[in-house]
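Peer 1: For the sequence shown, position 96 matches number 96 in our numbering, and the numbering has no gaps at all.
Ideal placement from N, C-alpha and C gives every residue a C-beta, glycine not left out.
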Amino acid sequence: MCHGELARTRPPPRYLTAFYLWMSAGGVIGGIAAGLIAPQVFNWVAEYPILIALAVLCRPGLALPEEGHGRTLLLGGLVVAVFLLIVCALYPVTLDERAFSWTFGTLLTACVLFWRAPLPFATIVAFILLANHSVTEQAGAMSVRSFFGVAKISENPDGQFRLLQHGTTLHGSQRIREADGRPVTGPPELLLYYWDGSAISQTFEAERARVDGPIRYAVIGLGAGSLACRAGPDDTVHYYEIDPAIIRIARDPNLFSFLSVCRPDVPIILGDARLTLAEAPDGAYDLIVVDAFSSDAIPIHLLTREAMAVYLKKLSPHGMVVLHVSNRHLELASVVAGIAAANGLITRVNDNADIDEAANPYKYAGTVAAVARSAEDLGALAQARDWELKPPDSRQWVWTDDYSNIVGSVIRQIRGQ
């Protein structure tokens with residue numbers, strides 16, 4: 001709507017230079033506000049509801065009601081809305097899915113009654129968005145905002161597990177209490193996609209058996225630092241992580257103890273892994289684990305033919321690249337097969353981990369692709385029943401730094417291909 005108004009009200013040609021200059025200035029201010037100021041001021045993405053409410057206020061016709069009755073009704077509604085938001089913030093409200101849908105559906109329907117009146121319309125919209133945050137925010141949760149998003153640390157309803165959530169995706173989980181409420185002691189148990197017997201754990205076992213000694217491995221994507229506990233005493237472990245907020249969380253033993261217990265001195269290289277990994281010595285790692293994907297957004301530049309070439313260069317002569325590509329919305333295993341084949345590599349995929357998720361809280365089956373130069377380099381995975389050979393799909397173009405096809409991945413996921 002705002003862009004349409006800009007185009008509709010553009011001035012005559014003689015004034016276009018100033019017009020475009022002010023548009024550019026607005027873009028700069030908006031970029032600074034969203035990219036630099038908001039992450040420092042808010043611990044959640046508060047600029048979205050603020051921006052939407054302000055956009056509604058920009059509609060023509062913004063004015064206070066002329067009649068005294070209308071003004072009283074509007075001001076009274078504002079007072080009630082602010083009061084309810086304060087109550088929700090101080091005393092978190094819990095709604096089941098049905099009550100949530102009916103409550104906010106009714107409020108959204110009420111917007112229709114005021115669609116010609118920007119001020120009450122914006123008030124209702126702002127209330128809905130802010131109340132939604134208050135209701136969905138878990139009591140006791142801690143949110144950490146950075147340029148790369150919002151990381152939330154919370155406990156599950158029975159208090160047995162601490163969770164690290166980024167967007168809508170879990171990136172870490174640790175059991176902190178037993179079923180009887182006693183604090184957990186001893187080394188932390190690996191959960192999520194890293195439990196003993198999971199596809200990712202099988203890749204470590206296969207590589208360790210092939211090397212028959214200490215291994216050198218790198219992990220792209222820190223999370224809570226779970227995979228540090230896969231290291232043996234003489235193994236070499238390096239993490240590559242782009243978000244300094246995640247590093248602070250993983251290194252805090254009061255939040256997650258994987259690093260502090262298993263590898264307190266593990267090097268964590270801060271920066272874009274595509275760039276920082278390129279600075280590592282060639283042949284530095286026996287195993288490279290790429291675990292930087294989520295269901296909200298994927299860093300495509302880590303999933304291209306050129307990216308795979310970087311991984312290959314940093315692998316030892318018989319090493320393996322492991323990509324965790326579990327995703328709600330995208331089918332990515334065939335993408336891995338394509339970029340691997342483009343570099344002369346073979347791919348095996350496991351999405352059949354034998355786990356009863358209902359009986360094993362926070363232990364999940366995922367989709368994991370193992371890539372190597374030959375079947376021999378995959379070790380035991382080459383003969384394992386659950387690791388299916390994945391040839392490249394001749395109907396798909398290989399993803400490169402200049403080409404990717406998100407829509408195709410979405411369609412394949414919907415079709416279950």
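Tell me which residue opens and which closes the alpha helix (DSSP H) that Glu5 is part of.
Peer 2: Within the sequence shown, residue 5 is the residue found at index 5, counting from 1. Cys2 to Arg8 is the span of the alpha helix (DSSP H), which, as asked, contains Glu5.
Peer 1: Does DSSP classify His324 as helix, strand or coil?
Peer 2: Looking up residue 324 in the sequence shown gives position 324. Three-state DSSP puts His324 in a strand.
Peer 1: Measure the beta-carbon distance from Gln174 to Phe256 and round it to whole angstroms, keeping in mind my assumption that it falls under 8 angstroms.
Peer 2: What you label residue 174 is simply residue 174 of the sequence shown in a count that begins at 1. What you label residue 256 is simply residue 256 of the sequence shown in a count that begins at 1. Right, the Cβ-Cβ distance comes to about 5 angstroms (below 8 angstroms), so this counts as a contact.
Peer 1: To the nearest whole angstrom, what separates the beta carbons of Ala199 and Asn350, a pair I think is in contact under 8 angstroms?
Peer 2: To locate residue 199, count along the sequence shown from 1; it is residue 199. To locate residue 350, count along the sequence shown from 1; it is residue 350. Indeed they touch by this definition, with Cβ atoms about 4 angstroms apart.
Peer 1: Name the DSSP bridge partner or partners of Ala369?
Peer 2: For the purposes of this step, residue 369 is identified with residue 369 of the sequence shown, where counting begins at 1. Answer is Leu323 and Val349.
Peer 1: Cutting at 6 angstroms between CB atoms, please list the residues of its own chain near Tyr311, excluding the five before and the five after it.
Peer 2: As a working mapping, residue 311 is identified with position 311 in the sequence shown. Contacts found: Ile288 and Val321.
Peer 1: Do you know offhand how far Ile458's Cα is from Asp272's?
Peer 2: This structure cannot speak to residue 458, because the chain is shown only from 1 to 417.
Peer 1: Would you mind sorting Met1 into buried or exposed? The rule is 16 or more other CB atoms within 10 Å of its CB.
Peer 2: Along the sequence shown, one-based indexing puts residue 1 at 1. The residue is exposed, with fewer than 16 neighbouring Cβ atoms inside 10 Å.
Peer 1: For Met308, is the classification buried or exposed, using 16 other Cβ atoms within 10 angstroms of its Cβ as the cut-off for buried?
Peer 2: The residue you call residue 308 lines up with position 308 of the sequence shown. Under this definition Met308 is a buried residue.
Peer 1: Give a yes or no on whether the C-beta atoms belonging to Val418 and Val144 are separated by under 8 angstroms.
Peer 2: Residue coverage of the chain in this structure runs from 1 to 417, which leaves residue 418 outside it and unanswerable.
Peer 1: Compute the beta-carbon to beta-carbon distance between Phe235 and Pro214, rounded to the nearest angstrom, for a pair I have assumed lies under 8 angstroms.
Peer 2: Translated into positions along the sequence shown, residue 235 becomes position 235. Translated into positions along the sequence shown, residue 214 becomes position 214. The displayed chain sequence assigns Asp, not Phe, to residue 235. Right, their Cβ atoms sit about 5 angstroms apart.
Peer 1: Determine whether the beta carbon atoms of Phe147 and Gly35 lie at a separation below 8 angstroms.
Peer 2: As a position in the sequence shown, residue 147 is number 147, starting the count at 1. As a position in the sequence shown, residue 35 is number 35, starting the count at 1. Their beta carbons are under 8 angstroms apart, which means Phe147 touches Gly35 by this criterion.
Peer 1: By alpha-carbon positions, which one of Thr203, His329, Ile246 and Pro187 ends up nearest to Gly408?
Peer 2: By 1-based counting over the sequence shown, the position of residue 408 is 408. Checked all of Thr203, His329, Ile246 and Pro187; the closest Cα to Gly408 is His329.
Peer 1: Could you tell me whether the Cβ atoms of Phe83 and Pro188 are closer together than 8 angstroms?
Peer 2: Working through the sequence shown from its first residue, we reach residue 83 at position 83. Working through the sequence shown from its first residue, we reach residue 188 at position 188. No, the Cβ-Cβ distance between Phe83 and Pro188 is not below 8 angstroms.
Peer 1: What residues are listed by DSSP as bridge partners for His166?
Peer 2: Locating residue 166 in the sequence shown gives position 166, counting from the first residue. DSSP output for His166 lists Ala151 and Thr169 as bridge partner(s).
Peer 1: With H, G and I counted as helix, E and B as strand and the rest as coil, what does DSSP make of Glu388?
Peer 2: One-based indexing of the sequence shown puts residue 388 at position 388. Reduced to three states, the DSSP call for Glu388 is strand.
Peer 1: Can you tell which of Glu207, Tyr193 and Ser334 has the C-alpha that lies nearest to the C-alpha of Glu357?
Peer 2: Here residue 357 is taken as the residue at index 357 of the sequence shown, counted from 1. Checked all of Glu207, Tyr193 and Ser334; the closest Cα to Glu357 is Tyr193.
Peer 1: Can you look up Gln160 in the DSSP assignment and give me helix, strand or coil?
Peer 2: The residue labelled residue 160 in the question sits at position 160 within the sequence shown. Gln160: coil per DSSP, three-state reduction.
Peer 1: Which residues mark the beginning and the end of the beta strand (DSSP E) in which Ser201 is found?
Peer 2: As a working note, residue 201 is residue 201 in the sequence shown. Element bounds for Ser201: not the beta strand (DSSP E) but the alpha helix (DSSP H), Ala199 to Val211.
Peer 1: Leaving out five residues before and five after Asn43 in sequence, what residues of the same chain have Cβ atoms less than 6 angstroms from its Cβ?
Peer 2: Here residue 43 refers to the residue found at position 43 when the sequence shown is read from its first residue. Only Ser143 and Arg145 meet the Cβ criterion.
Peer 1: Report the rounded CA-to-CA distance for Pro233 versus Ala250, giving the unit in angstroms.
Peer 2: Numbered from 1 along the sequence shown, position 233 holds the residue referred to as residue 233. Numbered from 1 along the sequence shown, position 250 holds the residue referred to as residue 250. Going by the C-alpha atoms only, they are around 20 angstroms apart.
Peer 1: Could you spell out the range, first to last residue, of the alpha helix (DSSP H) harbouring Leu21?
Peer 2: Here residue 21 refers to the residue found at position 21 of the sequence shown. Looking at the DSSP string, the run of the alpha helix (DSSP H) that includes Leu21 is Leu16 to Ile32.
Peer 1: Assuming Asp180 and Thr304 are in contact, meaning their beta carbons sit under 8 angstroms apart, how far apart are those beta carbons, in whole angstroms?
Peer 2: If you number the sequence shown from 1, residue 180 lands on position 180. If you number the sequence shown from 1, residue 304 lands on position 304. So it is not a contact: roughly 49 angstroms between Cβ atoms.
Peer 1: Could you have a look at His329 and say whether DSSP puts it in helix, strand or coil?
Peer 2: By one-based count along the sequence shown, residue 329 stands at place 329. Coil at His329, not helix or strand.
Peer 1: Relative to the alpha-carbon of Ile346, which residue among Gly366, Ile29, Val211 and Arg373 has its alpha-carbon at the smallest distance?
Peer 2: Position 346 of the sequence shown, counted from the start, is the residue given in the question as residue 346. Residue Arg373 is the option with its Cα nearest to Ile346.
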